[in-house]
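Asker: The sequence shown begins at 64 in the numbering used here and counts up by one.
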Amino acid sequence: MNATRPESPDESSDPAVPGGTEGGELSGQHAIVRFFVTDGDVTIGPVDDDLLARGIAAGKVPLDAQVWRTGWDIWRSVREYATENDLLPTNDKAIAAAKVARVSDLQPLMLPPTAVEAQTLGQAEDLTTAASVFLSLCATATGAECGWVHVRSHAAADAMMTIEGIGPRAQFGVGRTIDPGDQALRVAREGRTVLGEPIPGVVGSAVTARIIATGIAPVSVLMTPVLCGGQLLVMLELGVAHRDSGFSARDAAITEQIARDFSAIARKKGWHR
64 MNATRPESPD
74 ESSDPAVPGG
84 TEGGELSGQH
94 AIVRFFVTDG
104 DVTIGPVDDD
114 LLARGIAAGK
124 VPLDAQVWRT
134 GWDIWRSVRE
144 YATENDLLPT
154 NDKAIAAAKV
164 ARVSDLQPLM
174 LPPTAVEAQT
184 LGQAEDLTTA
194 ASVFLSLCAT
204 ATGAECGWVH
214 VRSHAAADAM
224 MTIEGIGPRA
234 QFGVGRTIDP
244 GDQALRVARE
254 GRTVLGEPIP
264 GVVGSAVTAR
274 IIATGIAPVS
284 VLMTPVLCGG
294 QLLVMLELGV
304 AHRDSGFSAR
314 DAAITEQIAR
324 DFSAIARKKG
334 WHR
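The structure is reproduced here in structure tokens:
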């Protein structure tokens, strides 16, 4: 893949587009550099240089992926960046087995505790109720202004059915099912999180198109799946419209942690059967 800097008349105001304002904020006298990493399908970021370096050194970021940061006109290979900055992993097996990292793989170890959220989820009587709670908890934790939550429906031949949404037109989307060939659904089934992409991609575009149907056009999107027993039970899609920086990698890591709590509860209560 050789992604180039997109040409857009609005790029100077779009924080999710290379060449825009994301990552250009100043802290004191020093610019905060933000990086994005993509495999051409799923993109994670923004993350700072320290988190990216630790992810590469630990073998959690594939060397054949692409990396972009503010100030660069084109995407570069992670291998090239790692070589120049002496970050190459020493474990050859980790390099060979590396896949696109979960967003939480690039996070600091300290995240807000989610015990209260887990307790709230645990009080739900069934999967549908828990999914509704999951949407509310994650929207609150991330500041999302719009979104959907979809649940595996036995009545719909195990298709992912929309049960609730956030947004002025969300009520009109309830009861719909996601096309089995949807790209974001494919990624969700693999257990991967999608975080607002710096360039349009088929996965991010699929999430964005659905969220726009809530009546709010997001500047950043976030999709987090809940898997249990190897099966996709719940798919969460969130959007934010009035935050210049969009969702952060920290936001994604928090939703992933709540999703893990949800998965453990679902297994204990047998909702995956």
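Beta carbons are placed, not taken as given, at the ideal position from N, Cα and C, and that holds for glycine. No experiment lies behind these values; they were computed from the predicted model shown.
Helix, strand or coil, according to DSSP, for residue 177 in the structure here?
Answerer: For the purposes of this step, residue 177 is taken as the residue at position 114 of the sequence shown. It is coil, neither helix nor strand.
Asker: The beta strand (DSSP E) with residue 336 in it runs from where to where?
Answerer: Within the sequence shown, numbered from 1, the residue matching residue 336 stands at position 273. Unbroken run through residue 336: none, as it is neither H nor E.
Asker: Tell me, please, whether the stretch 238–246 touches the stretch 285–296 by the rule of three or more beta-carbon pairs shorter than 8 Å.
Answerer: Judged by Cβ distances under 8 Å, the stretch 238–246 makes no contact with the stretch 285–296, as fewer than three pairs qualify.
Asker: Helix, strand or coil, according to DSSP, for residue 197 in the structure here?
Answerer: Along the sequence shown, read from residue 1 onward, the residue named residue 197 stands at position 134. Reduced to three states, the DSSP call for residue 197 is helix.
Asker: Please name the residue, chosen from 206, 283, 218 and 126, that lies closest to residue 268 on a Cα-to-Cα basis.
Answerer: Counting from one through the sequence shown, the residue named residue 268 turns up at place 205. The shortest C-alpha separation from residue 268 is found at 283.
Asker: Quick one: grab the DSSP three-state call for residue 186.
Answerer: Here residue 186 is taken as the residue at index 123 of the sequence shown, counted from 1. It is coil, neither helix nor strand.
Asker: Whose CA, out of 319, 201, 195 and 302, lies closest to the CA of residue 254?
Answerer: On the sequence shown, residue 254 is found 191 positions in, with the first residue counted as 1. Among 319, 201, 195 and 302, the Cα nearest to that of residue 254 is on 319.
Asker: Determine the burial state of residue 273: buried for a count of at least 16 other Cβ atoms within 10 Å of its Cβ, exposed for fewer.
Answerer: The sequence position of residue 273 within the sequence shown is 210, counting from 1. Looking at its Cβ environment, which holds 16 or more other Cβ atoms inside 10 Å, residue 273 is buried.
Asker: In or out: residue 197 buried (at least 16 other Cβ within 10 Å) or exposed?
Answerer: Here residue 197 is taken as the residue at index 134 of the sequence shown, counted from 1. Counting Cβ neighbours within 10 Å, residue 197 comes out buried, since at least 16 surround it.
Asker: Based on the DSSP secondary-structure assignment, which residues constitute the bridge partners of residue 240?
Answerer: Here residue 240 refers to the residue found at position 177 when the sequence shown is read from its first residue. Answer is 224.
Asker: Could you tell me whether the stretch 126–133 touches the stretch 325–333, where touching means 3 or more Cβ pairs closer than 8 Å?
Answerer: Output reads no: the stretch 325–333 does not touch the stretch 126–133.
Asker: Using the beta-carbon count (16 or more within 10 Å), is residue 149 buried or exposed?
Answerer: As a working mapping, residue 149 is identified with position 86 in the sequence shown. Residue 149 is exposed by the Cβ-count criterion.
Asker: How should residue 137 be labelled, buried or exposed, when 16 other C-beta atoms within 10 angstroms of its C-beta is the threshold for buried?
Answerer: Reading the sequence shown from its first residue, position 74 is the one you call residue 137. Exposed.
Asker: Considering only their Cβ atoms, is the gap separating residue 278 from residue 249 smaller than 7 Å?
Answerer: Your numbering for residue 249 matches position 186 in the sequence shown. Your numbering for residue 278 matches position 215 in the sequence shown. No.
Asker: Can you tell me which of the three DSSP states residue 217 falls into?
Answerer: For this step, residue 217 is matched to residue 154 along the sequence shown. Here residue 217 sits in helix by DSSP.
Asker: In this structure, does DSSP put residue 255 in helix, strand or coil?
Answerer: As a working note, residue 255 is residue 192 in the sequence shown. Reduced to three states, the DSSP call for residue 255 is coil.
Asker: Which residue wins for smallest C-alpha separation from residue 180, given the options 322, 121 and 334?
Answerer: The residue labelled residue 180 in the question sits at position 117 within the sequence shown. It is 322 whose Cα lies nearest to the Cα of residue 180.
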